[in-house]
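Everything in the sequence shown is counted per my numbering, starting at 1 for the first residue and increasing by one. For reference, the structure is listed below as structure tokens.
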Amino acid sequence: MKTSGTYCIEAENINFSFDKNVVIENVSFKIAEGQYTGLIGPNGGGKTTLIRIILGLLTPSSGTVRLFGEPSIEFTRRFLIGYVPQNASQSEFYFPATAHEIVRSGRTARRGLFKRFTKEDNSAVAQAMETAGVVDFKDRLIGKLSGGQRQRVFIARALAGDPKVLILDEPAVGVDTASKERFYEFLQKLNKESGITILFVTHDLGVIAHEVETVLCLNTTLLCHSEPGQFTEDRLVEIAYGGMVTPVVHRH
């Protein structure tokens, strides 16, 4: 586990309620730059809410989030955080946009609206497409791609802004098993070779056990923030999901 004093995400005593229902209670953690972290927990446990708070899409009832040392509410360099939302690859796409056009739109956060694209922008888009492995179908309509191909397009879109952090909310939902394995291999390579910090939500405990460096287990409160081995040994899986769960191992 990385223990560097440089953190890209810091949450301190985060609380969030919706219509008097407590969704997140007293959650604190830190994610170091370059770390590969999995966020797990039951449905309704607050995972997506926590992601939205980190992204600044929701304001906590109390507590603070810091991004690269700055309070989230004051953080203006949002392009440093790439985000792929839940079910992005499963949505219906009827508008006539190609994969390349989707990826290119990811450059807007850094470049700004209504500004002419530069050679630097075009180079960043090309690099993102190469990294995500979507060059071969760059001219195909997004609606004609498979779920796995779409997922890579949206990751390329996130990468086009040259982020330091990549946040993915259940990125492999609806993707077939073979594509999932290639996808997780891709994330490992991206983390190791590019040094991008990755935080992703998943229900795949096999991935947690064998892929990530650290685990956040959330069920309203934070039940675990540790290395995967400690997580399973402490039986926090059973606590988090309300019953014994057996991880399914994917060996690459």
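Just so it is clear, CB atoms sit at the ideal spot from N, CA and C, and this is done for glycine as well. If you're wondering where the values come from, they're calculated on a predicted model, not measured in any experiment.
Sub-8 Å separation of residue i and residue j beta-carbons
i           : j           : result
residue 55  : residue 167 : yes
residue 8   : residue 68  : yes
residue 170 : residue 86  : yes
residue 220 : residue 38  : no
residue 125 : residue 153 : no
residue 225 : residue 214 : yes
residue 10  : residue 84  : no
residue 27  : residue 222 : yes
residue 190 : residue 131 : yes
residue 63  : residue 31  : no
residue 150 : residue 105 : no
First and last residue of the uninterrupted alpha helix (DSSP H) at residue i
i           : result
residue 32  : Unbroken run through residue 32 is the beta strand (DSSP E), 21–32; no alpha helix (DSSP H).
residue 220 : Counting along the chain, residue 220 falls outside any alpha helix (DSSP H), and DSSP gives it neither H nor E.
residue 125 : 119–132
residue 84  : First-last for residue 84: 81–84, but that is the beta strand (DSSP E), not the alpha helix (DSSP H).
residue 103 : 99–105
Status (buried if at least 16 other CB within 10 Å, exposed otherwise) for residue i
i           : result
residue 18  : exposed
residue 142 : buried
residue 49  : buried
residue 77  : exposed
residue 180 : buried
residue 95  : exposed
residue 164 : buried
Residue i - DSSP class collapsed to helix/strand/coil
i           : result
residue 15  : strand
residue 59  : coil
residue 162 : coil
residue 200 : strand
residue 111 : helix
residue 70  : strand
residue 226 : strand
residue 187 : helix
residue 64  : strand
residue 7   : strand
residue 141 : strand
Nearest-angstrom Cβ-Cβ length linking residue i and residue j, presumed shorter than 8 Å
i           : j           : result
residue 111 : residue 117 : 7 Å
residue 29  : residue 60  : So it is not a contact: roughly 14 Å between Cβ atoms.
residue 121 : residue 140 : In fact, because the Cβ distance is near 22 Å, the residues do not count as touching under 8 Å.
residue 227 : residue 184 : Rounded, the Cβ-Cβ distance is 18 Å, inconsistent with contact.
residue 128 : residue 160 : 4 Å
residue 198 : residue 40  : 14 Å between Cβ atoms; not a contact.
Span of the beta strand (DSSP E) around residue i
i          : result
residue 37 : 36–40
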